[in-house]
Structure formats: structure tokens, C-alpha cells
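Sequential numbering of the sequence shown, starting at 2, is according to the numbering used here.
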Amino acid sequence: MILSGKARVAGVIGWPVAHSRSPRLHGYWLDQHGIDGAYIPLAVLPDRLDQALRALSALGLRGANLTVPHKEAALRICDEIDPLARRIGAVNTIVVGPDGTLQGSNTDSFGLIENLRRNSDWRASDGPAVILGAGGAARSACIALIDAGVELIRIVNRTAERALELAGAMAPCCEAVVWDHREDILDGAALVINTTTLGMTGQPPLEIRLDVLPGSATVYDIVYAPLETSLLAAARARGNPVVDGLGMLLYQAQPGFGAWFGVRPEVDEGLRNFVLQDLLAE
Ligand code: ATR
2 MILSGKARVA GVIGWPVAHS RSPRLHGYWL DQHGIDGAYI PLAVLPDRLD
52 QALRALSALG LRGANLTVPH KEAALRICDE IDPLARRIGA VNTIVVGPDG
102 TLQGSNTDSF GLIENLRRNS DWRASDGPAV ILGAGGAARS ACIALIDAGV
152 ELIRIVNRTA ERALELAGAM APCCEAVVWD HREDILDGAA LVINTTTLGM
202 TGQPPLEIRL DVLPGSATVY DIVYAPLETS LLAAARARGN PVVDGLGMLL
252 YQAQPGFGAW FGVRPEVDEG LRNFVLQDLL AE
């Protein structure tokens with residue numbers, strides 16, 4: 002990386018931010034395209050987010066990604082919020098406009114559906130989808146599937162109220178299911194997405210038997226550490242098509258990079274292996 006005085010700069014804002022893969026991922030694209038630019042980690046305390054976001058334009062940064070715990074708070078700080086980010090209820094990408102305005106958007110649902118489309122034969126018309134979880138990731142997944150044309154989504158969550166709330170917000174094509182019925186509702190499903198933290202390194206496993214799931218159903222886990230979760234291993238063992246979560250991380254980064262650095266980058270095997278090396282090194 003060689004930077005000139007004209008280098009374009011963007012970054013990722015989180016607290017903590019040390020775990021973020023985004024600097025590595027954007028760094029790969031910057032090198033690949035020989036761009037005079039940098040993408041840096043920015044550790045910002047929750048109560049200083051407002052100051053930090055205002056400083057983006059003051060410092061001449063092109064923009065930033067937002068990660069935990071800032072995505073919801075940014076919604077109240079950005080000058081403009083695109084309609085999709087408003088529906089998702091969170092901002093993960095900010096572009097600083099030519100006049101210094103902060104333009105907030107959300108690329109999580111794009112990342113989720115793009116990864117699914119590129120890595121499986123799934124079609125929205127294949128049938129009902131099951132979403133495990135009812136947090137922010139589940140909300141992005143619901144919106145992505147609704148916008149893709151899925152007619153019925155069953156949301157199953159440990160805390161029933163959260164599933165009901167999300168299904169209500171996503172009416173009429175979503176219904177809430179209690180956690181104890183998570184196995185029964187796999188009957189007839191064309192797609193299952195795990196958006197819970199279960200199965201992630203350091204978290205409890207996701208306990209779910211796939212006995213009644215059709216053999217053609219696509220099983221998608223947005224967890225990417227480990228890459229092959231026990232859900233994906235069980236699905237693969239019985240012949241279901243599977244999609245891991247790493248691609249979602251890679252695709253959600255594409256629009257921001259394009260806006261800040263002026264090149265629409267590709268998600269290719271080289272990038273995937275480069276980020277994977279880092280995951281495997283832990
Ligand atoms: P995010 O915004 O990233 O989706 P979140 O809002 O914390 O994160 O959501 C985490 C999801 O994992 C929730 O659906 C959570 O279920 P609850 O709503 O019942 O908390 C789910 N989850 C986390 N730990 C779980 C566990 N031990 N058993 C079942 N679900 C769990």
C-alpha cells in the first residue's frame with residue numbers, strides 16, 4: 002500500500018472493533034485495484050458516536066461502515082437515511098456527500114440475498130422459508146426474502162415475543178412460531194436460515210433435528226466462525242444444498258467500497274481465501 006496526499010480514506014466504526022474483518026477485506030480490494038486509499042479500524046465508544054460521525058466529514062473521510070453497537074444509533078445521527086435502512090432499522094454504511102452530509106444505508110439484506118443467489122439454485126418461488134432468530138440479522142433476512150418475492154416466512158425464536166413482534170412488523174407474509182416447534186416447521190420448507198448466534202465459536206450449539214426437512218431445501222447459516230457450523234454439517238450429510246455465512250460478509254461490503262473508492266469490486270475466490278486465512282488463524 003502506497004498512500005499519497007490525495008488518498009481516499011474510509012473505515013469501520015465499532016466498539017470494540019479489533020475483531021472486525023472489514024479492514025482486511027477492503028484492504029484486499031484496495032491492493033487488487035491499486036487504489037490510492039486506506040480503510041481503517043475506528044474504535045469509537047457508544048457515547049461518542051455522534052462526535053465521531055460528524056468528524057468524518059470534518060476530516061475528509063469518504064465514509065464508514067458501522068458495526069456493533071452503533072448500527073441503530075446511527076439512524077438518528079445521519080442526515081439522510083435510505084428507505085431500506087429505515088425498514089431494517091439500522092445503518093451499516095455511511096457515505097459522506099460532497100456537501101458533507103452523512104448518507105446512511107444498509108447493505109446487510111443485499112449481502113444476505115446476493116450470497117444466497119450466487120451460491121445456490123434457490124428461487125423465491127420454491128416455497129416457504131424458515132428463519133431461526135428474531136434479532137437484527139433476522140429482520141434483515143426477512144426483508145431480503147420479502148423483497149425477493151418469498152410468500153411465506155416462518156420466524157422461530159427462543160423468546161416468543163420477539164418472533165411475534167418481528168412477524169407483526171413484516172405482515173402479512175410472516176408468521177411467528179414457538180422455539181419448541183422449530184423442528185416440525187421444517188416440513189415443506191424450501192429454505193432455512195440461521196440468524197441466531199447459536200453455533201458460533203464460543204456459543205452453545207444450535208440443537209435442531211432436520212428429519213422432516215425436504216432434501217431439496219437450502220440450508221443457510223449466517224454464522225461464519227466456524228465456517229462449517231454443525232447445522233451446515235448436518236444438512237450437508239443428508240444431501241441438502243448449503244450456504245455458509247462468509248459470503249454475506251463479503252457481499253455486504255461491495256456497495257460501500259464502490260461509493261468510497263469509485264470501483265465496484267468483485268467477490269472472488271481470492272478474496273474469500275484471504276479472509277478465510279484470517280478466520281482460520283484464530
Ligand atoms: P443480531 O442483532 O445480530 O441478530 P441479537 O438481536 O442479539 O443479534 O439476536 C440474537 C438471536 O440469537 C436472537 O434471536 C436470540 O434469541 P432471543 O431473542 O430469544 O434472545 C438468539 N439466541 C441467542 N442465544 C440463544 C440461545 N441460547 N438459544 C436460542 N436462541 C438464542
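Each residue gets a CB set at the ideal place from its N, CA and C atoms; glycine is no exception.
A quick note: this is a predicted structure, and the numbers were derived from the prediction, not measured.
Asked, Found
"Indicate the three-state DSSP secondary structure (helix, strand or coil) for isoleucine 132 in the structure shown.", "strand"
"First and last residue of the alpha helix (DSSP H) that includes glutamate 270?", "270-281"
"Have a look at Ile223, Leu54 and Ala236 and flag the residue whose alpha-carbon is nearest the alpha-carbon of serine 141.", "Ile223"
"Only counting the same chain, and skipping five residues up and downstream in sequence, which positions put a Cβ closer than 6 Å to that of glycine 169?", "none"
"If you check the beta carbons only, do leucine 211 and alanine 236 fall under 8 Å apart?", "yes"
"The ligand ATR and alanine 65: does any heavy atom of the ligand fall closer than 7 Å to the residue's C-beta?", "no"
"Hey, is proline 205 close to the ligand ATR, as in C-beta under 7 Å from one of its heavy atoms?", "yes"
"Report the rounded CA-to-CA distance for aspartate 80 versus alanine 56, giving the unit in angstroms.", "14 Å"
"Considering only C-alpha positions, which residue in the set Thr202, Ala254, Tyr225 and Thr196 is nearest to cysteine 157?", "Reading off the sequence, residue 157 comes out as valine, not cysteine. Of Thr202, Ala254, Tyr225 and Thr196, the residue nearest in Cα terms is Thr196."
"Enumerate, from N- to C-terminal direction, the unbroken beta strand (DSSP E) stretches of 3 or more residues contained entirely within the segment 38-79.", "38-44 and 64-67"
"Using a Cβ-Cβ cutoff of less than 6 Å, which residues in the same chain neighbour proline 242 once the five nearest sequence positions on both sides are dropped?", "Ser121 and Thr219"
"DSSP on tyrosine 225, reduced to helix/strand/coil?", "coil"
"Using the Cα positions of threonine 94 and isoleucine 144, report the straight-line distance between them to the nearest angstrom.", "17 Å"
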